[in-house]
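There are 2 protein chains.
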Amino acid sequence: MRATFMYGPGDVRVENAPDPVLRQPTDAIVRIVRACICGSDLHPYHNIPASEQGTPMGHEFLGVVEELGSDVSGLRRGDLVVAPFAWADNTCDFCREGLHTSCRHGGFWAAGGIGGGQAEAIRVPQAQGTLVKLPVGEDSGLLPSLLTLSDVYGTGYHAAKMAKVNARTTVTVIGDGAVGLMAVLSAKRLGAERIILMGRHKDRTDLGRDFGATDVVAERGEEGIAKVRELTGGDGTHTVLEAVGYMNAYEMAVGVVRPGGVISRVGVPQYEDAPIGFGSLFGPNITLNGGPAPVRAYMDELLPDVLDGTVEPGRVFDRTIGLDEVPDGYRAMNNREALKVLVRP
Amino acid sequence: MRATFMYGPGDVRVENAPDPVLRQPTDAIVRIVRACICGSDLHPYHNIPASEQGTPMGHEFLGVVEELGSDVSGLRRGDLVVAPFAWADNTCDFCREGLHTSCRHGGFWAAGGIGGGQAEAIRVPQAQGTLVKLPVGEDSGLLPSLLTLSDVYGTGYHAAKMAKVNARTTVTVIGDGAVGLMAVLSAKRLGAERIILMGRHKDRTDLGRDFGATDVVAERGEEGIAKVRELTGGDGTHTVLEAVGYMNAYEMAVGVVRPGGVISRVGVPQYEDAPIGFGSLFGPNITLNGGPAPVRAYMDELLPDVLDGTVEPGRVFDRTIGLDEVPDGYRAMNNREALKVLVRP
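Residue numbers (the numbering used here), protein chains in the order written: chain W, 1109 to 1453; chain P, 1109 to 1453.
1. Counting contacts by CB-CB distance shorter than 9 Å, is D1381 of chain P in contact with chain W?
2. Considering just the uninterrupted stretch of the alpha helix (DSSP H) at L1251 of chain P, what are its terminal residues?
3. Could you give the distance in angstroms between the alpha-carbon of A1291 of chain W and the alpha-carbon of T1313 of chain W?
4. Is the beta carbon of G1224 of chain P sitting closer than 9 Å to the one on T1134 of chain P?
5. Of the residues W:G1391, W:L1396 and W:Q1226, which one's Cα is nearest the Cα of G1215 of chain P?
6. Given 8 Å as the limit, is there contact between the region 1129–1146 of chain W and the region 1420–1440 of chain W, that is, 3 or more CB pairs closer than that?
7. Would you call T1418 of chain P buried or exposed, if buried means 16 or more other Cβ atoms sit within 10 Å of its Cβ?
8. Taking the Cβ atom as the reference point for each residue, do V1232 of chain W and E1168 of chain W lie within a distance shorter than 9 Å?
9. Taking Cβ-Cβ distances shorter than 8 Å, what residues in chain W pair up with V1376 of chain P?
10. Going by CA-CA distance only, name the one from W:Y1358, W:R1139, W:V1336 and W:Y1265 that's closest to V1376 of chain W.
11. Using the Cβ count rule (16 or more neighbours within 10 Å means buried), how would you classify E1350 of chain W?
12. Count the CB pairs spanning the region 1378–1385 of chain W and the region 1323–1337 of chain W that are closer than 8 Å, and state whether there are at least three.
13. Please give me, in chain order, every unbroken run of the alpha helix (DSSP H) with length at least 4 that falls completely inside the region 1124–1163 of chain P.
14. Residues of chain P with CB closer than 8 Å to the CB of F1202 of chain W, please, in chain order.
15. Please list, in chain order, the chain P residues whose beta carbon lies closer than 8 Å to that of L1207 of chain W.
16. Could you work out which residue in P:L1239, P:S1294 and P:E1338 is closest to R1317 of chain P when comparing CA atoms only?
17. For chain P, find out if any of its Cβ atoms is closer than 9 Å to the Cβ of L1396 of chain W; answer yes or no.
18. Consider the Cβ of M1270 of chain P: report whether some Cβ of chain W lies at a distance smaller than 9 Å.
19. At the 9 Å Cβ level, is S1210 of chain P part of the contact set with chain W, yes or no?
20. What are the residues that DSSP puts in a beta bridge with W1195 of chain P?
21. If distances are taken between C-alpha atoms only, which option among P:V1287, P:W1195, P:E1205 and P:A1191 comes closest to K1241 of chain P?
22. Output, in chain order, the set of chain P residues within a Cβ distance shorter than 8 Å of P1435 of chain W.
23. Against chain P, which members of the region 1398–1427 of chain W pass a CB distance test of less than 9 Å?
24. Which runs of the beta strand (DSSP E) at least 3 residues long sit entirely within the region 1223–1254 of chain P? Give them in chain order.
25. Give me the residue from W:I1137, W:L1411, W:I1156 and W:R1444 with the minimum Cα distance to M1165 of chain W.
26. Tell me whether H1309 of chain W sits in a helix, a strand or coil according to DSSP, three-state version.
27. For a quick check, are the C-beta atoms of L1183 of chain P and A1229 of chain P less than 9 Å apart?
28. Between which two residues does the alpha helix (DSSP H) containing A1263 of chain W stretch?
29. Step through the CB atoms of chain W and report whether any lies within less than 9 Å of the CB of R1456 of chain P.
30. Using a cut-off of 7 Å between C-beta atoms, extract the partners of R1452 of chain P located in chain W.
31. Going by the CB atoms, is the gap between V1279 of chain W and T1347 of chain W shorter than 9 Å?
32. For L1410 of chain P versus D1426 of chain P, is the C-beta spacing smaller than 9 Å?
33. Using the Cα positions of M1114 of chain W and N1274 of chain W, report the straight-line distance between them to the nearest angstrom.
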């Protein structure tokens, strides 16, 4: 099969690779119908160490079940399924608590001998717990929206849920990438009436307005903080959904959060140490939470609105390419020419 | 009157000072009946910049109302009252949300022209919102326990509340100072069945066992982390109540918290930057919260159990002194000869 590997910063290649095979009775083999490139794939695109063997890429996909291990029940060959960006057994205590990203028998794609989703096919460990059947056909126009359940929609939703967004909470979303826009959509779905989107790409923030943003702040840093405070009578917002991961985004989050409020992070932090002392989080009793989203936990909840068209998260895809064009897709996203790239292997 | 001032590290003096007078119609003057020295007073005791004029000290007191401004209602001269360590109007939006430490018209003792509690008398701003009447006399044996409502009991309770401690959550309390012991008592009160106390002073951890600790870990650092993990099947505890404030305590908190768990800090951080990235908080979806406790918000809830003797938080006081002995009291607490020192002006 053809599959995507990254060999170093900016060095993405689509190459021939062995077809995946069942290794455990809990595995399935899925032929990938749609995949995509994630904003978080741009972090290794900037700083992955160069390697001889390359790293498989991609953690978002939906596809058709081709083979099933003997211990997998509830799925059949030919089923169209979507996978969360972390595979999980869906039965351990962490999964039962809704924290599938800490599953005792789970893990992440493109690591530890598991392939990536930017490929023609993939071996799915813990298939019964990982895969969710989709009641549509391979030709459905809903596939882009359904694919967002794999990561960005569930991740934006995680940010909003962890922040306890509701009708009484004002919201700032930091970042107008796909996850930021999904955080806007999620905040709106949870009833927020005031959603300030911080982003400076007009085509993206316009989509953010469609998804529910009531205000857009294009300024960044101290200027951006001042603007959000001006919009909120000086107080900042009850919740801040941080969907970027860089230190300046964290600093903006601290700057715009209201005393007693919540900063919920879903952008993968590109830093380890950051201010959390009296002058930042402690003094005003700020809560900091978030992390890799257990999107599997949210799929059942989010699926119906996607199926009936109430929400259209698939609108974040603004370019569609074939598998061999994936290197171009990374370039386009890195140059901000594309918001999010859909891949049809 | 006599009052306590700090002039530099280790330099505490009790001196003559002008008697406090009403300045605003919302003020009261309180004659102090009991005060105490706080673990957090030891931070300036170590590192306060030397000054000519000195800094008033003390933020925990109960006493008798001597004078009332014209705008204060609900209180009378002669009432015995307790004050929270932050004064507040108890009516603004933050106070109504239970975040009195961020009151729009509030502040802290011993700052901005307000005196400290280690004194014979004090001017209380926003007296109507700040002071809570106590239904006992000046000679009541309950005064030590009632005084803990001023800070340490409410602060330990804040840690446990913010961490959402309940019967299903395992708890680690870091620190065997008065606040740590009050965090143990609070976790027990909220139903926790497994409370691991990290501390290495046997007399204090013995009191911690009386308050509800089920396990004591005397080891610190990596060794302490390993011990707590051993006690919890490798997972750590759902909640960690950090009642110290030093970086090594924060690092232990990160080391012993279970994925998806909460670190609630009430020890005043003696650092600004700390690890919060993928390898510490983000990856396992840890929540970090806490801050200066809005103890005023908890007084009504905690008072009945203190009055009827269900809990005896006053047991944290193991030495009683007069006002002129306050410098000795600081020395005793700093040398760990006393857990918490009660002052009878």
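Ideal Cβ placement from N, Cα and C applies to all residues, glycine included.
In short, the structure shows the following:
1. yes
2. For L1251 of chain P, the uninterrupted alpha helix (DSSP H) run begins and ends at L1251 to L1255, by DSSP.
3. Using only the alpha carbons, I get a separation of about 12 Å.
4. no
5. W:G1391
6. These segments touch.
7. Within 10 angstroms of the beta-carbon of T1418 of chain P lie fewer than 16 other beta-carbons, which makes it exposed.
8. no
9. F1386 and F1390
10. W:Y1358
11. buried
12. no
13. 1150–1155
14. Simply P1367 and G1368.
15. P1367, G1368 and N1393
16. P:S1294
17. yes
18. yes
19. yes
20. P:G1215
21. P:A1191
22. None at all; the shortest Cβ gap to chain P is about 26 Å.
23. G1398, G1399, P1400, A1401 and P1402
24. 1229–1232
25. W:I1156
26. H1309 of chain W: coil per DSSP, three-state reduction.
27. No; because the gap between Cβ atoms is not below 9 Å, this pair is not in contact.
28. Checking the sequence shown, residue 1263 of chain W turns out to be Thr, not Ala. First-last of the alpha helix (DSSP H) with T1263 of chain W: V1260 to M1270.
29. Given a span of 1109 to 1453 for chain P in the structure shown, any question on residue 1456 of chain P remains unanswerable.
30. Per Cβ cutoff of 7 Å: no residues; R1452 of chain P is ~31 Å from chain W at best.
31. yes
32. no
33. 41 Å
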